[in-house]
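J.: Those letters in the sequence shown? Residues 1 to 152, per full-length UniProt numbering, in order. Have a look at this one before I ask anything.
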Amino acid sequence: MTTDFQPIQDDDVAQVVKLWHSCDLTRPWNPPGEDIAQLRAHPTAEILVARNANACVASVAVGYDGHRGWAYYVATDPAFRNRGLGRAAMRAAEGWLTVRGVAKIQLMVRESNAAVIGFYGGLGYKDSGVRVLQKWLSPERARLCAEGTNGH
Ligand SMILES: CC(C)(COP(=O)(O)OP(=O)(O)OC[C@H]1O[C@@H](n2cnc3c(N)ncnc32)[C@H](O)[C@@H]1OP(=O)(O)O)[C@@H](O)C(=O)NCCC(=O)NCCS
């Protein structure tokens, strides 16, 4: 196992979808295959993965929106948890943004996933004191979200 995070490759895509499913990070209104394609096509975003024997065991999606840096899809395969991969994923995302001159990294945690707050707290992340508002621009995604359980 390596804690070295590298950009996702074509052959990794199916494994990363599986990884995100296994980490309960997918939702019907966030099709992982489409999210991966969008992130990979975006000039200021990247999906970084760590591998074990050519299998992707951890990921982080990182991007810069022109004002702040963001991390999404922070995931460690359940069989590889508590070995430092999550910490290394965030370090990799922070490094990716820092070399691009980005001053701040932010991330969103679903209210249903409060258990993970301690993980981020241990890495120096604090509550931003900002409420995130949202509005769907895709009626189809809005419908899928409305049918879901937690709405975000
Ligand atoms: C959160 C997650 C990425 C952590 O991955 P991991 O590889 O097990 O994390 P690490 O081994 O690097 O842990 C780093 C530190 O955080 C601690 N930690 C890990 N998970 C924690 C949790 N849920 N609560 C509090 N602390 C936690 C570890 O004990 C470790 O502490 P230490 O350095 O003092 O020993 C993993 O649990 C995961 O994939 N969860 C499901 C997906 C998810 O919720 N992602 C976040 C979406 S916002």
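For each residue, glycine too, the CB sits at the ideal point set by N, CA and C.
Should ARG68 be listed as close to ligand 1, given that the test is whether its C-beta is under 7 Å from any heavy atom?
T.: False, no ligand heavy atom lies under 7 Å from that Cβ.
J.: By DSSP, does VAL116 sit in helix, in strand, or in coil?
T.: Here VAL116 sits in helix by DSSP.
J.: In the DSSP assignment, find the unbroken beta strand (DSSP E) run with ARG51 in it and report its ends.
T.: Its beta strand (DSSP E) spans residues 45-52.
J.: For SER58, which residues does DSSP report across the bridge?
T.: In the sequence under discussion, the amino acid at residue 58 is Ala, which differs from the Ser named in the question. For ALA58, which the question treats as bridged, DSSP gives the partners ALA50 and THR76.
J.: Beta carbon of VAL74, beta carbon of PHE5: below 8 Å?
T.: Not closer than 8 Å, so no.
J.: For ALA55 versus LEU107, is the C-beta spacing smaller than 8 Å?
T.: No; because the gap between Cβ atoms is not below 8 Å, this pair is not in contact.
J.: So the candidates are LEU133, ALA58 and TYR125; which of them puts its Cα closest to the Cα of LEU85?
T.: Comparing Cα positions, the closest option is ALA58.
J.: Within the present structure, is the beta-carbon of VAL116 separated from the nearest heavy atom of ligand 1 by less than 7 Å?
T.: Within the cutoff, so yes.
J.: Who are the Cβ neighbours of PHE80 in its own chain at under 8 Å, not counting the five residues just before and after it?
T.: Within the same chain, PHE80 has close Cβ partners MET1, ASN52, VAL57 and ALA58.
J.: In the structure shown, what three-state DSSP assignment does GLN134 receive?
T.: In this structure, GLN134 counts as coil in the three-state DSSP scheme.
J.: Considering only the alpha carbon of each residue, which of CYS23, GLN9 and ALA45 lies closest to TYR64?
T.: Out of CYS23, GLN9 and ALA45, ALA45 has the C-alpha closest to the C-alpha of TYR64.
J.: Can you give me the start and stop residues for the beta strand (DSSP E) that LEU107 sits inside?
T.: 105-107 is the extent of the beta strand (DSSP E) around LEU107.
J.: Could you give the distance in angstroms between the alpha-carbon of ARG87 and the alpha-carbon of ASN113?
T.: One C-alpha to the other measures close to 17 Å.
J.: Under 6 Å Cβ to Cβ from LEU39, same chain only, skipping five residues before and after it: list those, please.
T.: Closer than 6 Å at Cβ, skipping near neighbours: ALA45, ILE47 and ALA61.
J.: Alpha carbon to alpha carbon, how far is THR26 from PRO78?
T.: Distance between the alpha carbons of THR26 and PRO78: 15 Å.
J.: Can THR76 be considered in contact with ligand 1, in the sense that its beta carbon sits closer than 7 Å to one or more heavy atoms?
T.: Because some heavy atom of ligand 1 lies under 7 Å away, the Cβ of THR76 counts as near it: yes.
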